[in-house]
Every structure is written in C-alpha cells, then in structure tokens.
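Chains A and B, in that order, are what the protein sequence lines are.
All letters in the first sequence, in the order written, are residues 4 to 161 by my numbering.
All letters in the second sequence, in the order written, are residues 4 to 161 by my numbering.
Glycine is no exception: its CB is placed at the ideal position from the N, C-alpha and C atoms.
Quantities reported herein were computed from a predicted structural model and do not represent experimental measurements.
Comments concern the structure below.
Number of protein chains: 2
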Amino acid sequence: MSENFTPDSSLQQQMETFEETCRTADLKLTHQRLEIYRELAKATDHPSAEMLHKRLQKTMPTLSLDTVYRTLTTFEQHHLVKKVQTVDSQARFEAQMVQHHHLICDSCKEIMDFHWNSFDSTPLPADIRQWGTIRNKNVTIHGTCQKCQALKKVKKRT
Amino acid sequence: MSENFTPDSSLQQQMETFEETCRTADLKLTHQRLEIYRELAKATDHPSAEMLHKRLQKTMPTLSLDTVYRTLTTFEQHHLVKKVQTVDSQARFEAQMVQHHHLICDSCKEIMDFHWNSFDSTPLPADIRQWGTIRNKNVTIHGTCQKCQALKKVKKRT
DNA sequence: GCTCACAGTAAGAATTATTCTTATTTGCAT
DNA sequence: ATGCAAATAAGAATAATTCTTACTGTGAGC
Ligand SMILES: [Mn+2]
Ligand SMILES: [Mn+2]
Ligand SMILES: [Zn+2]
Ligand SMILES: [Zn+2]
Numbered sequence: 004m005s006e007n008f009t010p011d012s013s014l015q016q017q018m019e020t021f022e023e024t025c026r027t028a029d030l031k032l033t034h035q036r037l038e039i040y041r042e043l044a045k046a047t048d049h050p051s052a053e054m055l056h057k058r059l060q061k062t063m064p065t066l067s068l069d070t071v072y073r074t075l076t077t078f079e080q081h082h083l084v085k086k087v088q089t090v091d092s093q094a095r096f097e098a099q100m101v102q103h104h105h106l107i108c109d110s111c112k113e114i115m116d117f118h119w120n121s122f123d124s125t126p127l128p129a130d131i132r133q134w135g136t137i138r139n140k141n142v143t144i145h146g147t148c149q150k151c152q153a154l155k156k157v158k159k160r161t
Numbered sequence: 004m005s006e007n008f009t010p011d012s013s014l015q016q017q018m019e020t021f022e023e024t025c026r027t028a029d030l031k032l033t034h035q036r037l038e039i040y041r042e043l044a045k046a047t048d049h050p051s052a053e054m055l056h057k058r059l060q061k062t063m064p065t066l067s068l069d070t071v072y073r074t075l076t077t078f079e080q081h082h083l084v085k086k087v088q089t090v091d092s093q094a095r096f097e098a099q100m101v102q103h104h105h106l107i108c109d110s111c112k113e114i115m116d117f118h119w120n121s122f123d124s125t126p127l128p129a130d131i132r133q134w135g136t137i138r139n140k141n142v143t144i145h146g147t148c149q150k151c152q153a154l155k156k157v158k159k160r161t
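Take a look at the structure:
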C-alpha cells in the first residue's frame, strides 16, 4: 500500500475507468456526465435520480432532473451503472458493478451492499437450468436496520 | 386423494382462507375483492394491476382500475398478496405467500416462481446479522427464457 | 327479510415519476 | 479557431398510481 494512499484513490481509479469507457463508447465527456457519475460512484446508499439531482444542485445549480435521468439511462445502457430492483416507485441506482447482494430496510428504504462468495459459487437447483439462459443470481434481504429498530423502541416508550 | 379432486380444489381452498381472513380483518366481502383475489390467485405470471384489470373487465365491465389498485394495496396490508420487486415501472403482484424465489426474463418480463429449500435453510453470512432484524431472504435470477431465446434465433436468421 | 350506517366503489381529477420536444449550448475532430 | 453532431435545460407530455367525491352495497341489528 503506497504512502500516497487516500480513501479517494479508488474513486480516482473508477473515474479514469469511466472516462476510458466513455471514450471507447463515443460518449462525450460532459461536465454533467462526469459529476453525475462521480456522485453516484461515491454514494453507498443507492440514491434515486431525484436524490442525486438534489445533491448535485448545490454545486451545479442549473443541472436539470431530466439530464440526471437521461444520463443514468445512457450509463445503464453502457453497463456503467445499474438500476436496483425495489418495490418502491422511485428507481434507485448504483455504480458498483461487481457481483454483490442487497440488504433493504423496509422502514427507511436504505439499501446496503454485502458480499456472499459461498452463495455466488453455489450451483442453482437443477430444474431451473432448462428455463433459459441465466445471466445472474442475486439475494435480497428485507428487514429493519439498527437505526430504525432503535427509533421504534423510542416511539413505543412514548 | 379424493375422487372429487379437481385442479381447482386448491383455489377453492385458497378462496375460503381468503374469505376467512377478510372476515377476521373486518374487510367486507365485496364482489370486486373476491374476483380480484381469485384472478390473482389463479394467475402464475405475477400480473400488474393493469393486466388484472384487463382480464377482469371481460366479466366485470364496470370495474375501475382504481379499485384494482386500492384493493391490491388493502390485500397487501393484510398480507394476502405481495408486491414483487422488479426494475420496471409497473408494479407486479402475486397471491402466493409461501417462501419462494423468482426467475425473471429480461426480455418478455415474465416472472416465474421456483423453490430452493437448501438455500432457504442456509444461514446468512455472519457479518450481516448485526445489520438489524432480518425478515426474509430471496433470490432473484435474471436471464432470458426459452421462448425469448427461440425468438432471438429466428430474428438473427432474417 | 328489512333497514341503516358506513365501508367500498366508479369516475374523473390530481399527483408523482419519468420521458419527450425543442431551442440552445458544448465537446471535440478537423 | 471553426463546424457540427451530440448533449443539455426548460417546460410540456406521458405513464403509473392515488385522491376526491358522490353514489352503492355489505352485513349487523332488528
Ligand atoms: Mn448495491
Ligand atoms: Mn412469485
Ligand atoms: Zn432503516
Ligand atoms: Zn422471455
């Protein structure tokens, strides 16, 4: 590990990969695309388009919500980001493209990543294979996070 | 197995359980509720509210789409149906409440059930336990179903 | 079986999330 | 530096879902 290591070094790396992918895909490197990608890449909470827009407006007051949506869709088509499947109406996004799974708090809607290598390497039940071509398999865990549990206890006491 | 066994016997059973649950929950047994539940219970494709409405309109021409939505929401609150999490804008529903998992075709959006008991009884990675209270864990498999694969091949030949 | 209170419904308006249209701006190849 | 296709901003439009309101029907009590 180098002496120049900073918590941002992986983000820097990710930005470079992003720029490279854009150039290869003939996507122009606009300020909007760079900032939207950076904001999503540094987020760990799987923000919605609206959340991203709100965060970015502080530094880019003229950024339109439509651009956020359009840009995320473009990124998705180029496998730079993923739409996360939820039961809620607003779509949630992430720039984390390596295989992982999700913990979802049904109370605050927080989405957290986790890894589960032993699951990833477990073969599927045999009878599923004939269904078609399988692209990926993912686990979603629903529950209530610590924070929300604590809040509930406080409320009960009232 | 009785001589009176018919393919519908389990649906009959499910309808009785449904009626019982409604009575216990002080939900009036309206024609709309009965038919919406029956239609969803007999479906295996996880229909959207709109799909259910379309199917029911044949026999109930005055049924409003709003009633379908409202009724499904009521059922969901009483754990009679579940909203299925997808990446698409239209919500999909099911009356199948026993633990199971989903195969989703990214091409035709078909959602299929499957069971995986060995997964269900596998403990979660230890480091997840501290996140909060876990309610359930489910697997979603994405891919392309046989039908869609066949269609693609035909198209390629053209 | 009849009546009545009130939960539930239909219809259309409203809201929310997302996408489209169009005039203007910008990245980048030349 | 110039030109032009691609991208953006703003607001209109669309799609999915929910709300409002006047009317209807379920089922408890007689
Ligand atoms: Mn994730
Ligand atoms: Mn299912
Ligand atoms: Zn929470
Ligand atoms: Zn398919």
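Check, Outcome
"Any beta carbon from chain A within less than 8 angstroms of K159(B)'s own beta carbon?", "no"
"Quick check for students: name the residue ranges of the alpha helix (DSSP H) that lie wholly in the region 24 to 52 of chain B, counting only runs of 4 or more.", "34 to 45"
"With a threshold of 16 other CB atoms inside 10 Å of the CB of C25(B), please say whether the residue is buried or exposed.", "buried"
"With DSSP run on the structure shown, which of helix, strand or coil describes D69(B)?", "helix"
"According to DSSP, which residues form a beta bridge with D116(A)?", "H105(A)"
"Pull every residue with its beta-carbon under 7 angstroms away from any heavy atom of ligand 2, and keep them in chain order.", "H49(B), V87(B), E97(B), Q99(B), H103(B), H105(B), I114(B), D116(B)"
"Specify the secondary structure class of T89(A) as computed by DSSP and reduced to three states.", "strand"
"How long is the line joining the alpha carbons of C151(A) and H145(A), rounded to whole angstroms?", "13 angstroms"
"Which one or two residues does DSSP pair with K140(B) in a beta bridge?", "I144(A)"
"To the nearest angstrom, how far is it from the Cα of M115(B) to the Cα of Q88(B)?", "13 angstroms"
"Let me make sure I understand the geometry here. Which of C111(A), Q102(A), K155(A) has the alpha-carbon closest to that of K140(A)?", "Q102(A)"
"Return yes when the C-beta of T147(A) is under 7 angstroms from any heavy atom of ligand 3, and no when it is not.", "yes"
"Which word fits M4(A), buried or exposed, when buried means at least 16 other C-beta atoms lie within 10 angstroms of its C-beta?", "Model confidence at M4(A) stands at a pLDDT of 47, short of 50, so the residue's coordinates are unreliable; what they give is reported in the following sentence. M4(A) is exposed by the Cβ-count criterion."
"Taking only the alpha-carbon atoms, compute the straight-line gap between Q15(B) and L55(A) and give it to the nearest angstrom.", "49 angstroms"
"For chain B, find out if any of its Cβ atoms is closer than 8 angstroms to the Cβ of Q99(A); answer yes or no.", "no"
"Looking at the structure shown, is S5(A) part of a helix, part of a strand, or coil, going by DSSP?", "Note on S5(A): pLDDT 47, under 50, position unreliable in the model; the coordinate value appears next. If DSSP states are grouped into helix, strand and coil, S5(A) belongs with coil."
"What in chain B is Cβ-close to C108(A), meaning under 9 angstroms?", "W134, G135"
"Please check if any C-beta of chain A sits within less than 8 angstroms of the C-beta of R138(B).", "yes"
"Can you say whether P126(A) is buried or exposed, counting buried as having 16 or more other CB atoms within 10 angstroms of its CB?", "exposed"
"Is the beta carbon of C25(A) within less than 7 angstroms of some heavy atom of ligand 4?", "no"
"Give the C-beta separation of H82(A) and M100(A) to the nearest angstrom, bearing in mind that I take them to be a contact with Cβ-Cβ under 8 angstroms.", "7 angstroms"
"Quick check on the DSSP output: the alpha helix (DSSP H) that includes R160(B) runs from which residue to which?", "149 to 160"
"With a Cβ-Cβ cutoff of 8 angstroms, do Q35(B) and T70(B) count as a contact?", "yes"
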